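*Asks:* Structure in structure tokens, see below.
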Amino acid sequence: MACLGRRQAIGLLSSGVAAFVTTRGTLMASTPANTSSARPGADAAQAGRPRPVALASYRPAIHFTPPHGFMNDPNGLIWDGKVFHLYYQYNPHGTHAGYVHWGHATSPDLYNWHDQPVAISVSEAGQAFSGSVVLDRHNRSGLFPQLPLAHQEAADLKAAIAAISGPGAASAFAQNKASQDGEGGLVAIYTRSRPHSQTQFVAWSPNQGTTYLDWPGDPVLDIASDSYRDPKVFWHEASQKWVMALVQARARKVSFYGSADLLHWRHLSDFGPAGLRGVDYECPCLVELPVAGEGTPGESQTRWVLFVSINPGAPLGGSGTQYFVGDFDGERFTPENTLLGLLDFAKDCYAMQTYNDMPSNDVPGGAAVYLAWLSNWQYCNELPTQGWRGAMTLPREMRLRRDGEGWLRLVQQPWQLERLREAPLPFRAHRLGPMERAHTPLPANLAVEIEVTVRLEQGPGSQPGRFVIAFVNRGTATMPGEELTVGVDLQTNQLWLDRSGLRGYSQPFFTGQFSEALPAGLERVELRIILDASTLEVYAQRGMCVGTALVFPANPLNGLELRAENAQVTVHEARVWPLRPTMAANRG
């Protein structure tokens, strides 16, 4: 099966049993571990555990979440010329991490997502850990000339795909086969993980990304290690080869490899340990980014940026992502200084990955677009959602920009979120004096976007002046209200995010408050905030400061307040948009 140049026997499975294609090309049956206690929603419904009133409203309306089960890292992000693919670490059998498959969804625009069958399953070679997908346009791997197939081989493959992913996927294969004949296609490079071994596998898709079949020569990389994972692969045009970055996790190194055909890899160099070491390095990502405002009108200056996720041991606890700015010559990454940056000033943005082959007209100036897992390993297995756990960030466009001291900093913004805006809410706020506030109700069950630009002046006395944006519910005579705040402290010149005023979830590691120093000498503060059910994304100063957090109120947050505390606030802009739901049609 995995090598379609010769006929191989296919064993079909009885219904109700998980299936996978082994590295030897035969279909095997597999029963999920602990299935009796891992059904979706079982843990959220344990006896004696209180359910917040807002439980149903925790499902985001525009952030991707799995249909059920547990989701973590994004994998294999690619535009194939027709649709965007999102693969992800997925346990379809329960709402805890484990029994890892590759879930799959596709979208025309990175917001309207359509669930697809599981793309890569657990096999006798191990769980399907993180990795990449590339478009092998010119069939450099040599995997795709095995098509067209003889009639019986095609029938066998269709039966295998039906057993793995259902009759719909098999029909898609039959419809798409003609367009695949003699061409390249999508290739996945990913980690197979067993209790004492992690190795790198290559798999190819006969049906435009719906299903992947392992190459019979797998593994393509094996260094006899149990902490060797998460390959990020891309085509490096200058050196005319595929480049892979993956981690030796416990050694805290990023190893770079090169290949002409995706099947045979040569070690190029190592980077690290460097920056925040944590316990394990994970999910590396190397990408070339433009520097805003530098270069000619037709060609920006660029730098290479290496992102490395760490877990545990992030500065705020648990998991987090750091980045280094430098140069990559096709063999080695060299940071241009000893500084490192943090991707996010809060706690719930991890394992980011950029899209391969992003359409150039959708990212002016060569910016990259990424997704990240919107959670943290310290509490991801205990979140109070029912039947599902895990969310992705909004797609984010990123580039570099120099700060006031001349250092290159990452800047991020939601990618093309404007297309989801509905008519703005009526909201007026021009000037707020000390202890004054402006208020507007928020629509139920919709994500909202807020853009605020203000000038701040310290009020009288020694008390620090503060500007506060608060999402609130008023409470009742028997139950106090709640609030989620984002604000600026004038005395310390810091931005904060505070979720400690919410009562829907508590856990020792679920930190309530986060802050980030703003650039010195600001005359205006620019904030862009997206609240979507249990997710919050904050972008300050045109994306130079970004914070991402899970938020769990006991009751829906139905009001927005702007207020001044011992400060004079001149509001230059304050706009509030409801955002059109994109996930509501296929999520409960």
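The opening residue of the sequence shown carries number 1 in full-length UniProt numbering; numbering runs sequentially from there.
Note that beta-carbon positions come from the ideal geometry of N, C-alpha and C, so glycine has one too.
In this text the structure is predicted, and so the values were computed from the model without any measurement.
Which whole-angstrom value is the C-beta distance of V448 and V363, which I expect to be below 8 Å?
*Replies:* Not quite, the Cβ-Cβ distance comes to about 26 Å (not below 8 Å), so this is no contact.
*Asks:* If we ignore side chains and look at the alpha-carbon of each, how far apart do W215 and D222 end up?
*Replies:* Roughly 15 Å between the two C-alpha positions.
*Asks:* Assuming contact is defined by CB atoms lying nearer than 9 Å, are L446 and V488 in contact in what I supplied?
*Replies:* Their beta carbons are not under 9 Å apart, which means L446 does not touch V488 by this criterion.
*Asks:* According to DSSP, what are the bridge partners of D136?
*Replies:* G185
*Asks:* To the nearest angstrom, how far is it from the Cα of H101 to the Cα of Q413?
*Replies:* 30 Å
*Asks:* Per DSSP, what are the beta-bridge partners of K347 in this structure?
*Replies:* BP columns for K347 are empty, so no partner.
*Asks:* Between the segment 457-469 and the segment 567-582, do at least 3 Cβ pairs fall closer than 8 Å?
*Replies:* yes
*Asks:* Report yes if the CB atom of Y379 is closer than 9 Å to the CB atom of F509, and no otherwise.
*Replies:* yes
*Asks:* Would you call the segment 113-128 and the segment 237-247 in contact, with 3 or more CB pairs under 8 Å?
*Replies:* Too few Cβ pairs lie closer than 8 Å, so no.
*Asks:* What residue ranges within the segment 471-536 form continuous beta strand (DSSP E) runs of no fewer than 3 residues, ordered along the chain?
*Replies:* 480-489, 494-498, 513-517, 525-532
*Asks:* Would you call V279 buried or exposed, if buried means 16 or more other Cβ atoms sit within 10 Å of its Cβ?
*Replies:* Of the other Cβ atoms in all chains shown, fewer than 16 fall within 10 Å of the Cβ of V279; this residue is therefore exposed.
*Asks:* Return the Cβ separation of L490 and G547 in integer angstroms, given the expectation that the two are a contact with Cβ distance under 8 Å.
*Replies:* That belief does not hold up - the Cβ atoms of L490 and G547 are roughly 19 Å apart, past 8 Å.
*Asks:* So, at 6 Å on beta carbons, what are the nonlocal neighbours of R277 in its own chain, with the 5 sequence-adjacent residues on each side left out?
*Replies:* R252
*Asks:* Using CA coordinates, which residue listed in S141, L340, A238 is at the minimum distance from L408?
*Replies:* Minimum Cα distance to L408 is reached at L340.
*Asks:* Is the beta carbon of G69 closer than 9 Å to that of R402?
*Replies:* no
*Asks:* Pick helix, strand or coil for Y58, following the three-state DSSP scheme.
*Replies:* Residue state, collapsed to three classes: helix.
*Asks:* Using the Cβ count rule (16 or more neighbours within 10 Å means buried), how would you classify H93?
*Replies:* buried
*Asks:* Give me the residue from H264, V291, R229 with the minimum Cα distance to V308.
*Replies:* Out of H264, V291, R229, R229 has the C-alpha closest to the C-alpha of V308.
*Asks:* Here's a check: name, in chain order, each residue in its chain whose Cβ is nearer than 6 Å to the Cβ of L86, leaving out the five neighbours to either side.
*Replies:* A105
*Asks:* Does E573 come out as helix, strand or coil in the three-state DSSP assignment?
*Replies:* strand
*Asks:* Give the straight-line distance between the Cα atoms of V202 and V220, rounded to the nearest whole angstrom.
*Replies:* In a straight line, the C-alpha of V202 is about 7 Å away from that of V220.
*Asks:* Within the continuous beta strand (DSSP E) that includes L306, where are the two ends?
*Replies:* 299-311
*Asks:* If you reduce the DSSP assignment to three classes, tell me which class S124 lands in.
*Replies:* It is worth fixing the name first, because residue 124 is Glu in this sequence and not Ser. In this structure, E124 counts as coil in the three-state DSSP scheme.
*Asks:* Taking 9 Å as the threshold (C-beta atoms), are L536 and N473 in contact?
*Replies:* no
*Asks:* Output the distance between the C-alpha atoms of D327 and W304, rounded to the nearest integer angstrom.
*Replies:* 5 Å
*Asks:* Who are the near neighbours of L263 in its chain, counting only those whose CB is closer than 7 Å to its CB and skipping five residues on each side?
*Replies:* S141, V202, W215, G217, V220
*Asks:* Distance check for L371 and A391, CA to CA, integer angstroms please.
*Replies:* 10 Å
*Asks:* Given that a residue counts as buried once 16 or more other Cβ atoms are within 10 Å of its Cβ, and exposed if not, what is E565?
*Replies:* buried
*Asks:* Distance check for G365 and V291, CA to CA, integer angstroms please.
*Replies:* 9 Å
*Asks:* CB P66 to CB G103, shorter than 9 Å?
*Replies:* yes
*Asks:* Whole angstroms are fine: how far does the CA of A97 sit from the CA of T511?
*Replies:* 21 Å
*Asks:* If you follow the beta strand (DSSP E) that residue 618 is part of, which residue opens it and which one closes it?
*Replies:* For residue 618 there is no data in the structure shown, the boundaries of the chain being 1 and 588.
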